[in-house]
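What follows is a set of notes on a single structure, which appears directly below.
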Ligand code: CMP
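Listed below in structure tokens is the structure:
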């Protein structure tokens with residue numbers, strides 16, 4: 002059965018005109034888009050989405066970046082979609098991510114790293130409920 006994961010195409014990717022590039026890579030892999038919305042995240046949603054990071058030193062600039070412009074939120078589905086999408090995205094720091102991955106090919110930053118994707122089944126469930134409450138299971 003297809004697994005679902007939550008993907009955010011972050012404000013840097015929208016600003017740089019890379020939304021199509023990111024979606025194309027997901028689709029060419031064989032994953033499907035179950036839901037997609039363009040919206041600007043508010044601080045309350047950022048604090049919930051990044052609940053595990055709110056006390057970290059890097060959180061205030063991360064929050065400002067993530068709430069600073071529109072982003073695209075998606076539910077992406079497919080066989081082992083959570084792991085497959087994380088592999089396609091690459092390591093958090095774009096300077097260290099493998100060439101061939103989205104961040105490895107297109108990002109030079111640890112913060113402005115183009116894409117977020119759920120890192121576990123529990124995160125996917127929590128994040129889908131946060132971004133698409135009407136589609137939560
Ligand atoms: P993401 O996959 O959305 O999960 C947490 C985000 O925090 C991460 O991508 C980066 O955008 C950001 N991040 C993680 N570690 C750091 C760091 N050391 N410095 C700046 N930003 C970070």
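Numbering (this note's numbering), first residue to last: 2 to 138. Ideal placement from N, C-alpha and C gives every residue a C-beta, glycine not left out.
By the neighbour-count criterion, in which 16 or more other beta carbons inside 10 Å mark a residue as buried, residue 125 falls on the buried side. Excluding residues up to 5 positions away in sequence, 118 lie with their Cβ nearer than 6 Å to the Cβ of residue 87 in the same chain.
In the three-state DSSP reduction, residue 57 falls in the coil class, being neither helix nor strand. One thing to note: residue 70 has its Cβ no nearer than 8 Å to the Cβ of residue 17. Distance from the CA atom of residue 46 to the CA atom of residue 24, rounded to whole angstroms, is 23 Å. Assigned with DSSP and collapsed to three states, residue 21 falls in helix.
Scanning its chain for C-beta atoms nearer than 8 Å, with the 5 sequence neighbours on each side dropped, one finds around residue 116 the residues 8, 9, 10, 11, 14, 23, 90, 103, 104, in chain order. Under the three-state reduction of DSSP, residue 127 is assigned to helix. At least 8 Å separates the beta-carbon of residue 65 from that of residue 55.
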